[in-house]
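Number of protein chains: 2
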Amino acid sequence: MSTIKNMEEFARLSGISRPTVSKYFNDPSSVRSSTRERIEQALEVFDYRPNIYAVNQNRSLTKNVGIVVPYLADPFFAEIARIIERRSIEAGFSPILYSSHGEQKIENEIMEGLTALKPAGVFFAPLGRLSDRRAIERFCRDVPTVLFDSNIEGMGEAFVGSDNYSFVQLTVEYLGRTGSSPCFFEMSKPVNPNANKRRNAYIAIMEAEGLEPHVVSVEGEGWGFEEIGRQGAHTVLDSQSLPTDTVLFSNDRLAIGFLAGCYERGLRVGRGEGCALRVASHDDHPFSRFTCPALTTAAHQYDLVADKCMETLFSMIESGRRFSARDDTLIPAKLILRASA
Amino acid sequence: MSTIKNMEEFARLSGISRPTVSKYFNDPSSVRSSTRERIEQALEVFDYRPNIYAVNQNRSLTKNVGIVVPYLADPFFAEIARIIERRSIEAGFSPILYSSHGEQKIENEIMEGLTALKPAGVFFAPLGRLSDRRAIERFCRDVPTVLFDSNIEGMGEAFVGSDNYSFVQLTVEYLGRTGSSPCFFEMSKPVNPNANKRRNAYIAIMEAEGLEPHVVSVEGEGWGFEEIGRQGAHTVLDSQSLPTDTVLFSNDRLAIGFLAGCYERGLRVGRGEGCALRVASHDDHPFSRFTCPALTTAAHQYDLVADKCMETLFSMIESGRRFSARDDTLIPAKLILRASA
DNA sequence: ACTGAATATTTACGCGCGTAAATAAAATTC
DNA sequence: GAATTTTATTTACGCGCGTAAATATTCAGT
Numbered sequence: 056m057s058t059i060k061n062m063e064e065f066a067r068l069s070g071i072s073r074p075t076v077s078k079y080f081n082d083p084s085s086v087r088s089s090t091r092e093r094i095e096q097a098l099e100v101f102d103y104r105p106n107i108y109a110v111n112q113n114r115s116l117t118k119n120v121g122i123v124v125p126y127l128a129d130p131f132f133a134e135i136a137r138i139i140e141r142r143s144i145e146a147g148f149s150p151i152l153y154s155s156h157g158e159q160k161i162e163n164e165i166m167e168g169l170t171a172l173k174p175a176g177v178f179f180a181p182l183g184r185l186s187d188r189r190a191i192e193r194f195c196r197d198v199p200t201v202l203f204d205s206n207i208e209g210m211g212e213a214f215v216g217s218d219n220y221s222f223v224q225l226t227v228e229y230l231g232r233t234g235s236s237p238c239f240f241e242m243s244k245p246v247n248p249n250a251n252k253r254r255n256a257y258i259a260i261m262e263a264e265g266l267e268p269h270v271v272s273v274e275g276e277g278w279g280f281e282e283i284g285r286q287g288a289h290t291v292l293d294s295q296s297l298p299t300d301t302v303l304f305s306n307d308r309l310a311i312g313f314l315a316g317c318y319e320r321g322l323r324v325g326r327g328e329g330c331a332l333r334v335a336s337h338d339d340h341p342f343s344r345f346t347c348p349a350l351t352t353a354a355h356q357y358d359l360v361a362d363k364c365m366e367t368l369f370s371m372i373e374s375g376r377r378f379s380a381r382d383d384t385l386i387p388a389k390l391i392l393r394a395s396a
Numbered sequence: 056m057s058t059i060k061n062m063e064e065f066a067r068l069s070g071i072s073r074p075t076v077s078k079y080f081n082d083p084s085s086v087r088s089s090t091r092e093r094i095e096q097a098l099e100v101f102d103y104r105p106n107i108y109a110v111n112q113n114r115s116l117t118k119n120v121g122i123v124v125p126y127l128a129d130p131f132f133a134e135i136a137r138i139i140e141r142r143s144i145e146a147g148f149s150p151i152l153y154s155s156h157g158e159q160k161i162e163n164e165i166m167e168g169l170t171a172l173k174p175a176g177v178f179f180a181p182l183g184r185l186s187d188r189r190a191i192e193r194f195c196r197d198v199p200t201v202l203f204d205s206n207i208e209g210m211g212e213a214f215v216g217s218d219n220y221s222f223v224q225l226t227v228e229y230l231g232r233t234g235s236s237p238c239f240f241e242m243s244k245p246v247n248p249n250a251n252k253r254r255n256a257y258i259a260i261m262e263a264e265g266l267e268p269h270v271v272s273v274e275g276e277g278w279g280f281e282e283i284g285r286q287g288a289h290t291v292l293d294s295q296s297l298p299t300d301t302v303l304f305s306n307d308r309l310a311i312g313f314l315a316g317c318y319e320r321g322l323r324v325g326r327g328e329g330c331a332l333r334v335a336s337h338d339d340h341p342f343s344r345f346t347c348p349a350l351t352t353a354a355h356q357y358d359l360v361a362d363k364c365m366e367t368l369f370s371m372i373e374s375g376r377r378f379s380a381r382d383d384t385l386i387p388a389k390l391i392l393r394a395s396a
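Protein chains in written order, with this note's numbering: chain A, 56 to 396; chain B, 56 to 396.
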């Protein structure tokens, strides 16, 4: 009944030597079936499990993976982290999740802790603009790392991200085909490099079509995107500075705020009768189907991103260590049509 | 330039004995100022940090705290976890965050890992109905634990949660004072014990006022509350089974979905002219101010909850171990008036 | 029952660090 | 400058476990 505290004690109680017990936990099939049964019987009586951290200290290859996201309170990251976490568990790994909370200092501390843990690999979505490049470089030297979401050139063994051009192409094409072409709404100081890529893609796509791009850039910094979008709505609608009746947002969270702003002003959004504006966006944020109206958006293929992350890291782990060349994968978007455009 | 891998090496390179270096990291003020300077100089050159997990293995009192929430993709938990995490860092602890993803198996694995880590303490929001009581009981015996959000009688050293009665009282009182009294909207199989407490509080408060309580219970299970709320809206509005024009929701996520459903039907919600329904709710979910209309709700005092959690655990850690009696704290709500009611 | 192969046990060391005791060196006191 | 106090070094052990080498035991096949 009393809790067993180490393998020594468990081995004694189950009448088997400690090294054999150790072998069992490493790979149950590596011991004779009769001893395996004896161990498993004892396991049910005493329910002992080896201490993960002591195990990792001595093993070269551990079964832990780290997951680092820049801001977990953002449901987008919560969602992608959730999927990667589940996939890791299914693959027999023990994931540990960290959030940088938008701060460089915390991101650095996470990397330190993770280095000490000696994980088999790390899925790392860096802060981006705010990241400490030197720290990340050192970290990636010590730990096999797959970057995701936000790329940092040349770091890590691979990058799995979104094909921002595809995201914007889908939405711009759709909006142009079904009405007037959109202006592009963004915040002036985006934290994430994807924002810049999307703006540039928008400009390139519009120009390729022979259309004039209009970028609407509102004030705002930090991670409170919705409020920035809401205030932006009032600003641009007060000043009537919106160049078109169709607005494409850099990301859903801005659009969610913008829609709230429009509702406050009694402005109808959508593609139906009596609608003053059409609104579309990017990310397929978990809440974008519950906005009013529901948001037309270019969706991340969460599953594909997560799968590719896992696949990349695992092929790295199994087939002798690091990659020779950095392996970049960009996953295209899927257009989700809803009521907002 | 090359990375130092252990304290031995660092001690040699900085010309100081390892035990002294160890003392320094335990408490920099415990060594003579001249040696402290020498260590700190060497630190800048070699930037070495002790391995956290090796440290924890040997120390009785560690500086790590665990945070466990049932479902991190729920922004409510993301938010409360974020605040507790930040507070812990400010207090000099290293928090590690875990999400059970709504599954008992994962919750149990988290507890195992946490036991091995020997944290100074754990802030634990259990799954509730789905928790493995025996596993939690054993965990709480091994690790100083403060339960939060969801109470499990008799477990852990303390519980910090919401005063559900206060939540419901605020909303029911407000709605009754400014219009008709509400019916109570909930899902039939709530995962969280707070839901039951809120329903019972609603019934008790209505009856105390001599009013007849109406509970509207919609089908639905799991963590997809918004969708349950949205479908619930269509169901009850189709069948015209809503007993009142004022609806109080068990929690904001249900209300968010319900509002989306109302919008889809062109039904205006709010307290103004031409509004068919008033809607209010509980939790002050991070998104509740961006719904259409913005949601009137009883807010958690996140800061107070986090502060109380920290305070409780720290007084436990400092003042010789465990509490004699279990210390329950219920934090009252704050009414947030917005456009929906 | 005998032989060779497969598996277990014993013994011993290492991981990166905390920590205690005995000893040596440095700083403080008068 | 000698005696006393403070701090550092040396040495050694422990944490919970992986792992290697030598030895002992068990198993399968004939």
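Note that the Cβ used here is the ideal one computed from N, Cα and C, for glycine as well.
Whole runs of the beta strand (DSSP E) within the stretch 174-229 of chain A, excluding any shorter than 3 residues: Within the stretch 174-229 of chain A, the beta strand (DSSP E) runs of at least 3 residues that lie entirely inside it are, in chain order, 176-179, 200-203 and 213-217.
Which residues in the same chain as residue 62 of chain A place their Cβ atom closer than 7 angstroms to its Cβ, once the five residues preceding and following it in sequence are excluded? Residue 62 of chain A sits at position 7 when you count from the first residue of the first sequence. If we look at residue 62 of chain A and ignore the five residues flanking it on each side, its Cβ neighbours are 73, 76, 77 and 105.
Simplified DSSP state of residue 239 of chain A, which is helix, strand or coil: As a position in the first sequence, residue 239 of chain A is number 184, starting the count at 1. Residue 239 of chain A: strand per DSSP, three-state reduction.
With a threshold of 16 other CB atoms inside 10 Å of the CB of residue 224 of chain B, please say whether the residue is buried or exposed. In the second sequence, residue 224 of chain B corresponds to position 169, counting from 1. Buried: at least 16 other Cβ atoms inside 10 Å.
Going along the stretch 146-179 of chain A in order, which residues come within less than 8 angstroms of chain B, judged by CB to CB distance? 149, 151, 152, 153, 154, 156, 161, 164, 167, 168, 171 and 172
With DSSP as the reference, identify every bridge partner of residue 389 of chain B, one or two as the case may be. As a first step, residue 389 of chain B must be located in the second sequence, where it is residue number 334. Answer by DSSP bridge pairing, in chain order: B/354.
Counting C-beta neighbours from all protein chains within 10 Å, is the total for residue 127 of chain A 16 or more, i.e. buried, or is it exposed? Taking the first sequence and counting its residues from 1, the one referred to as residue 127 of chain A is at position 72. So residue 127 of chain A ends up on the buried side.
Sequence-distant residues of its chain with Cβ nearer than 6 angstroms to residue 311 of chain A (five each side left out): As a position in the first sequence, residue 311 of chain A is number 256, starting the count at 1. Same-chain partners within the cutoff: 281 and 346.
Check for me: the beta strand (DSSP E) holding residue 152 of chain B runs from which residue to which? Start at 1 with the first residue of the second sequence, and residue 152 of chain B comes out as number 97. Residues 149-154.
Per the contact definition of three or more C-beta pairs closer than 8 angstroms, is the stretch 277-297 of chain B in contact with the stretch 255-266 of chain B? Result no; under three Cβ-Cβ pairs closer than 8 angstroms.
DSSP has residue 332 of chain A in a bridge; who is on the other side? Along the first sequence, read from residue 1 onward, the residue named residue 332 of chain A stands at position 277. Note: residue 332 of chain A sits in a beta bridge opposite A/324.
Nearest to residue 340 of chain B by alpha carbon, out of B/228, B/351 and B/181? In the second sequence, counting from the first residue as 1, residue 340 of chain B sits at position 285. It is B/351 whose Cα lies nearest to the Cα of residue 340 of chain B.
Positions along the stretch 238-263 of chain B whose CB lies within less than 7 angstroms of some CB in chain A: none
Check whether the Cβ of residue 66 of chain B lies closer than 7 angstroms to any Cβ atom in chain A. If you number the second sequence from 1, residue 66 of chain B lands on position 11. Chain A contact via Cβ: absent.
Where residue 107 of chain B meets chain A, residues with beta-carbon distance less than 7 angstroms: Here residue 107 of chain B refers to the residue found at position 52 of the second sequence. By Cβ distance, chain A contributes 168 and 171.
What's the gap between the Cα of residue 367 of chain A and the Cα of residue 155 of chain B? Reading the first sequence from its first residue, position 312 is the one you call residue 367 of chain A. Reading the second sequence from its first residue, position 100 is the one you call residue 155 of chain B. As the crow flies, the alpha-carbon of residue 367 of chain A is around 25 angstroms from that of residue 155 of chain B.
What's the gap between the Cα of residue 165 of chain B and the Cα of residue 159 of chain B? Here residue 165 of chain B refers to the residue found at position 110 of the second sequence. Here residue 159 of chain B refers to the residue found at position 104 of the second sequence. Those two C-alpha atoms are separated by around 10 angstroms.
Secondary structure of residue 64 of chain A, DSSP reduced to three states: Stepping through the first sequence from its first residue, residue 64 of chain A is reached at position 9. Here residue 64 of chain A sits in helix by DSSP.
In the DSSP assignment, what are the bridge partners of residue 338 of chain A? Locating residue 338 of chain A in the first sequence gives position 283, counting from the first residue. DSSP lists A/354 as partners of residue 338 of chain A.
Three or more C-beta pairs closer than 8 angstroms, one from the stretch 167-184 of chain B and one from the stretch 125-143 of chain B: is that the case here? Segments in contact, yes.
At a CB distance below 9 angstroms, what residues from the stretch 267-296 of chain A approach chain B? Give them in sequence order. 281, 282, 284 and 285
Fully enclosed by the stretch 62-117 of chain A, which beta strand (DSSP E) runs are 3 residues long or longer? none
Just to make sure I have the definition right: I need the residues of chain A whose C-beta is within less than 7 angstroms of the C-beta of residue 133 of chain B. Which are they? By one-based count along the second sequence, residue 133 of chain B stands at place 78. Correct list: 127, 128 and 133.
What are the boundary residues of the beta strand (DSSP E) that includes residue 301 of chain B? The residue given as residue 301 of chain B occupies position 246 in the second sequence. Run containing residue 301 of chain B: 301-304, per the beta strand (DSSP E) assignment.
Hey, does residue 347 of chain A have any beta-carbon neighbour from chain B nearer than 7 angstroms? As a working note, residue 347 of chain A is residue 292 in the first sequence. Yes, residue 347 of chain A lies at the interface with chain B (some Cβ there is under 7 angstroms from its Cβ).
Kindly indicate the opening and closing residues of the alpha helix (DSSP H) around residue 312 of chain A. Locating residue 312 of chain A in the first sequence gives position 257, counting from the first residue. 307-319 is the extent of the alpha helix (DSSP H) around residue 312 of chain A.
Could you tell me whether the Cβ of residue 325 of chain B comes closer than 7 angstroms to any Cβ of chain A? Locating residue 325 of chain B in the second sequence gives position 270, where the first residue counts as 1. No, residue 325 of chain B does not count as interfacial toward chain A.
Determine the chain B residues that contact residue 311 of chain A at a beta-carbon separation under 9 angstroms, and present them in chain order. To locate residue 311 of chain A, count along the first sequence from 1; it is residue 256. Those within 9 angstroms of residue 311 of chain A in chain B are 342 and 345.
Mind checking which residues open and close the alpha helix (DSSP H) that includes residue 273 of chain B? Numbered from 1 along the second sequence, position 218 holds the residue referred to as residue 273 of chain B. Taken as a continuous stretch (DSSP letters only), residue 273 of chain B belongs to no alpha helix (DSSP H), being part of the beta strand (DSSP E) at 270-273.
Three-state secondary structure assigned by DSSP to residue 123 of chain A: For the purposes of this step, residue 123 of chain A is taken as the residue at position 68 of the first sequence. Three-state result, residue 123 of chain A: strand.
Any beta carbon from chain A within less than 7 angstroms of residue 56 of chain B's own beta carbon? Taking the first residue of the second sequence as position 1, residue 56 of chain B is located at position 1. Residue confidence for residue 56 of chain B is low, a pLDDT of 48 falling below 50, so the modelled location carries little weight; the figure read from the coordinates is stated next. It does not: the Cβ of residue 56 of chain B has no partner Cβ on chain A nearer than 7 angstroms.
Integer Cβ distance of residue 388 of chain B from residue 218 of chain B, believed to fall under 8 angstroms: The residue you call residue 388 of chain B lines up with position 333 of the second sequence. The residue you call residue 218 of chain B lines up with position 163 of the second sequence. Confirmed, Cβ separation roughly 7 angstroms.
Under 7 angstroms, Cβ to Cβ, is there at least one residue of chain A near residue 391 of chain B? For the purposes of this step, residue 391 of chain B is taken as the residue at position 336 of the second sequence. For residue 391 of chain B, the answer is no, since every Cβ of chain A falls outside 7 angstroms of its Cβ.
Alpha carbon to alpha carbon, how far is residue 59 of chain B from residue 70 of chain B? Give it in angstroms, no decimals. To locate residue 70 of chain B, count along the second sequence from 1; it is residue 15. To locate residue 59 of chain B, count along the second sequence from 1; it is residue 4. Inter-residue distance for residue 70 of chain B and residue 59 of chain B is about 14 angstroms (C-alpha atoms, whole angstroms).
Below-7 angstroms beta-carbon distance, residue 361 of chain B vs any chain A residue: Here residue 361 of chain B corresponds to residue number 306 of the second sequence, with the count starting at 1. No, because no Cβ of chain A sits closer than 7 angstroms to the Cβ of residue 361 of chain B.
Residue 384 of chain A by DSSP, collapsed to three states: which one? Start at 1 with the first residue of the first sequence, and residue 384 of chain A comes out as number 329. The answer is strand: DSSP assigns residue 384 of chain A an E or B state.
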